[in-house]
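Enquirer:
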Amino acid sequence: MKDNIIGEKIKSLRIAQGFSQAELANQTALSLRTIQRIENSETEARGDSLIRLSKALNVTPAELTKNPVDINAAPRLENNSYLLMLNLSAICFLAFPLLGVIAPLVLWSLKKGSIYNIDLVAKRVINFQISWVLCGIFLWVIAVILTALKTNGIIDLGSTIILFSGVFAMYAINLTYIITNTIILLRKRTVVYQPAINFF
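Residue 127 in the numbering used here sits at position 56 of the sequence shown, with consecutive numbering throughout.
(1) Identify the continuous alpha helix (DSSP H) that holds A214 and give its terminal residues.
(2) Comparing alpha-carbon positions, which option in R104, D119, F167 and W179 lies nearest N150?
(3) So does the region 105 to 112 actually touch the region 77 to 91, counting three or more Cβ pairs closer than 8 Å?
(4) So F270 and N198 are supposed to be a Cβ contact under 8 Å. How far apart are they, rounded?
(5) Going along the chain, which residues of its own chain have a beta-carbon closer than 8 Å to the beta-carbon of K259, five neighbours each way excluded?
(6) Spatial neighbours of P132 within its chain, please: C-beta separation below 7 Å, excluding the five flanking residues on both sides.
(7) What is the rounded straight-line gap between the Cα of T114 and the Cα of I106?
(8) Kindly indicate which residue of K183, I189, I201 and L155 has the alpha-carbon position closest to the one of I173.
(9) With contact counted as at least three CB pairs below 8 Å, one residue from each stretch, are the region 236 to 251 and the region 208 to 218 in contact?
(10) Indicate, with yes or no, if the ligand NAD has a heavy atom lying under 7 Å from the CB of L234.
(11) Determine, using beta carbons only, whether I76 and A116 come nearer to each other than 8 Å.
(12) Quick check on DSSP: helix, strand or coil for Q88?
(13) Report yes if the CB atom of Y153 is closer than 8 Å to the CB atom of K183, and no otherwise.
(14) When you compare each of I189, L165 and I216 to L176 by their alpha carbons, which one comes out closest?
(15) Looking only at its chain, what residues have a beta carbon closer than 8 Å to the beta carbon of L256, apart from the 5 residues adjacent to it on each side?
(16) Excluding the five sequence neighbours on either side, which residues of its own chain have a C-beta within less than 8 Å of the C-beta of L205, listed in chain order?
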């Protein structure tokens, strides 16, 4: 009976968050067949599988195994417009890289837990933006060092063009992710910001 309840909870949360079984399998790195068997109560979600599922569905393992998960809880209102604004706020990175982290973080803190799916969207946006900043810093430092070594410490015009082309590419990638996920949110699906390091 307990396995049946867990399977039903996972299925309900998956549907509520707009995941297909294949998408949930991709998010958790579990096989599609495993997801199907868990939802049909043919096998039990435990250990690492339970942790992966709870993380992807933005709940704790305890909520899946013990506590009822009320996906229609009154305090969690649907507000797709706010989610769109939160996602688009990351575009502030164009003014200054860290603003791409700060802006969505502020908007999340104002409505944290009060809007349906806001925690999931905010975490993915912020995790990606932090990862992007760190990656940008790392690549910039490496590029400067390699260029300096190659040119004996003299940064010529060609090297400068290469460096700024890399910066342009990084900005273009970030902007593409934001625009793509804005379209995804307009279709009321779950945002996809990968690869990214999970800080939240």
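We put the beta carbon where it would ideally sit given N, CA and C, even for glycine.
Expert: This is what the structure gives:
(1) Mapped onto the sequence shown, residue 214 falls at position 143. Counting along the chain, the alpha helix (DSSP H) containing A214 begins and ends at I189 to K221.
(2) To locate residue 150, count along the sequence shown from 1; it is residue 79. Among R104, D119, F167 and W179, the Cα nearest to that of N150 belongs to W179.
(3) Three or more Cβ pairs drawn from the region 105 to 112 and the region 77 to 91 lie within less than 8 Å of each other, which places the two stretches in contact.
(4) To locate residue 270, count along the sequence shown from 1; it is residue 199. To locate residue 198, count along the sequence shown from 1; it is residue 127. So it is a contact: roughly 5 Å between Cβ atoms.
(5) Translated into the one-based positions of the sequence shown, residue 259 becomes position 188. Answer for K259: G89 and N151, listed in chain order.
(6) Mapped onto the sequence shown, residue 132 falls at position 61. The answer, listed in chain order, is L121, I122 and S125.
(7) Here residue 114 is taken as the residue at index 43 of the sequence shown, counted from 1. Here residue 106 is taken as the residue at index 35 of the sequence shown, counted from 1. Going by the C-alpha atoms only, they are around 9 Å apart.
(8) Position 102 of the sequence shown, counting from 1, holds the residue named residue 173. Of the candidates K183, I189, I201 and L155, the one whose C-alpha sits nearest the C-alpha of I173 is I201.
(9) In short, these stretches touch, since the Cβ pair count reaches three.
(10) Absence of the ligand NAD from the depicted structure is noted, as is the absence of any ligand whatsoever, leaving it without description.
(11) The sequence position of residue 76 within the sequence shown is 5, counting from 1. The sequence position of residue 116 within the sequence shown is 45, counting from 1. Their beta carbons are not under 8 Å apart, which means I76 does not touch A116 by this criterion.
(12) Translated into the one-based positions of the sequence shown, residue 88 becomes position 17. In the three-state reduction of the DSSP assignment, Q88 falls in the coil class, being assigned neither a helical nor a strand state.
(13) The sequence position of residue 153 within the sequence shown is 82, counting from 1. The sequence position of residue 183 within the sequence shown is 112, counting from 1. No, these two residues do not count as a Cβ contact at 8 Å.
(14) Counting from one through the sequence shown, the residue named residue 176 turns up at place 105. For L176, the nearest C-alpha among the options comes from I189.
(15) Looking up residue 256 in the sequence shown gives position 185. Once the five neighbours on either side are set aside, the close Cβ partners of L256 are N151, L154, L155, N158, V192 and V262.
(16) Counted from its first residue, the sequence shown places residue 205 at position 134. Closer than 8 Å at the Cβ level, and outside the excluded window around L205, lie I268.
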